[in-house]
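Trainee: So that we are looking at the same thing, I have put the structure below in structure tokens.
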Amino acid sequence: MKQEENQFEHIRIVADSKQNPLRVDKFILNFVENATRNKIQKAIRTGNVLVNDQPIKSNYKVKPKDIVKIVYDFPKEVHEVLPQKIPLDIIYEDEDILLVNKKAGMVVHPGFGNREGTLVNALSYHFDNLPNMGEEDRPGLVHRLDKNTSGILVVAKTEKSMEILSKKFRDRDLDRKYIALVWGDLKENNGTISGNIGRSLKNRKIMDVYPDG
1 MKQEENQFEH IRIVADSKQN PLRVDKFILN FVENATRNKI QKAIRTGNVL
51 VNDQPIKSNY KVKPKDIVKI VYDFPKEVHE VLPQKIPLDI IYEDEDILLV
101 NKKAGMVVHP GFGNREGTLV NALSYHFDNL PNMGEEDRPG LVHRLDKNTS
151 GILVVAKTEK SMEILSKKFR DRDLDRKYIA LVWGDLKENN GTISGNIGRS
201 LKNRKIMDVY PDG
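Structure (structure tokens):
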């Protein structure tokens with residue numbers, strides 16, 4: 001097999017005549033330095049991986065004499081997720097999912113001003129090859145909790161579980177319960193607050209309730 005690179009950051013790999021069927025992401029991992037499964041899958045989804053000059057799906061298996069090309073049209077600034085040895089409070093785990101108890105004060109995923117110390121940094125340290133369906137590096141995540149909210153987060157460990165869970169959250173085909181501590185002179189012991197949530201007019205970093213829309 002041979003690999004060629006040029007200044008345009010295109011990579012070309014030719015499978016030899018004795019190549020056994022192998023998923024394209026695993027095939028590429030064997031030849032491209034610093035590649036990760038998440039990066040490769042993202043490149044496949046965006047059409048940047050071609051086999052015999054044709055776009056392919058992530059489950060494509062490379063065959064003898066296949067020509068695999070990885071094309072990067074424009075170099076982009078990439079923020080790598082830094083794996084960090086941060087303890088995780090895992091309350092349930094099987095081969096498909098994790099249930100993680102997130103503490104208040106922890107940011108779920110890296111973002112501007114929060115590149116380290118997040119739940120994703122911890123997950124990247126403790127688990128290899130968590131699936132990632134979005135364009136951002138948020139392995140395993142199918143939903144999120146705000147920084148100051150504690151609670152249970154569901155983390156997908158496989159592509160199939162991520163697909164199923166993402167659809168359930170998207171379709172709101174599940175129940176979520178939030179418990180809040182309130183104080184003050186309350187007129188009623190119970191009730192319902194109906195309204196829309198949006199950015200606070202006083203502080204754009206927090207959310208607020210808008211009863212009238």
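Quick note, the sequence shown lines up with residues 1 to 213 if you use this note's numbering.
Think of the CB as a built atom: it goes at the ideal place given N, C-alpha and C, for glycine as much as any other residue.
Report the three-state DSSP secondary structure of residue 208 (helix, strand or coil).
Mentor: Against the sequence shown, residue 208 aligns to sequence position 208. The answer is strand: DSSP assigns residue 208 an E or B state.
Trainee: Classify residue 169 as buried or exposed, calling it buried when 16 or more other Cβ atoms lie within 10 Å of its own Cβ.
Mentor: The residue given as residue 169 occupies position 169 in the sequence shown. Residue 169 is exposed by the Cβ-count criterion.
Trainee: Quick one: what does DSSP say residue 48 is sitting in, helix, strand or coil?
Mentor: As a first step, residue 48 is located in the sequence shown; it is residue number 48 there, counting from the start. Looking at residue 48 - three-state DSSP - the assignment turns out to be coil, as it is neither helix nor strand.
Trainee: Do residue 50 and residue 108 have their C-beta atoms within less than 9 Å of each other?
Mentor: On the sequence shown, residue 50 is found 50 positions in, with the first residue counted as 1. On the sequence shown, residue 108 is found 108 positions in, with the first residue counted as 1. No, the Cβ-Cβ distance between residue 50 and residue 108 is not below 9 Å.
Trainee: If I follow the unbroken beta strand (DSSP E) through residue 92, where does it start and stop?
Mentor: Numbered from its first residue, the sequence shown carries residue 92 at position 92. Run containing residue 92: 90-93, per the beta strand (DSSP E) assignment.
Trainee: For the alpha helix (DSSP H) holding residue 170, just list the boundary residues, first then last.
Mentor: As a first step, residue 170 must be located in the sequence shown, where it is residue number 170. 159-170 is the span of the alpha helix (DSSP H), which, as asked, contains residue 170.
Trainee: Run through DSSP, which three-state label would residue 69 get?
Mentor: Position 69 of the sequence shown, counting from 1, holds the residue named residue 69. Residue state, collapsed to three classes: strand.
Trainee: What is the rounded straight-line gap between the Cα of residue 166 and the Cα of residue 13?
Mentor: As a working note, residue 166 is residue 166 in the sequence shown. As a working note, residue 13 is residue 13 in the sequence shown. Rounded to the nearest angstrom, the two C-alpha atoms are 34 Å apart.
Trainee: Under the three-state reduction of DSSP, which class applies to residue 223: helix, strand or coil?
Mentor: Nothing can be reported for residue 223: it is not among the residues displayed for the chain, which extend from 1 to 213.
Trainee: Going straight from the alpha carbon of residue 8 to that of residue 196, what length do you get?
Mentor: Residue mapping note: residue 8 aligns to position 8 of the sequence shown, counting from 1. Residue mapping note: residue 196 aligns to position 196 of the sequence shown, counting from 1. Below a pLDDT of 50, predicted positions are generally treated as unreliable, and residue 8, at 35, falls in that range; the measurement from the model is reported next regardless. Taking the straight line from one Cα to the other gives about 48 Å.
Trainee: Helix, strand or coil for residue 54, going by three-state DSSP, please let me know.
Mentor: One-based indexing of the sequence shown puts residue 54 at position 54. If DSSP states are grouped into helix, strand and coil, residue 54 belongs with the strands.
Trainee: Cα separation between residue 142 and residue 96?
Mentor: What you label residue 142 is simply residue 142 of the sequence shown in a count that begins at 1. What you label residue 96 is simply residue 96 of the sequence shown in a count that begins at 1. Distance between the alpha carbons of residue 142 and residue 96 is about 13 Å.
Trainee: According to the neighbour-count rule (16 or more other Cβ atoms, all chains shown, within 10 Å of its Cβ), is residue 207 buried or exposed?
Mentor: The count along the sequence shown starts at 1 and reaches residue 207 at position 207. Per the 10 Å Cβ criterion, exposed.
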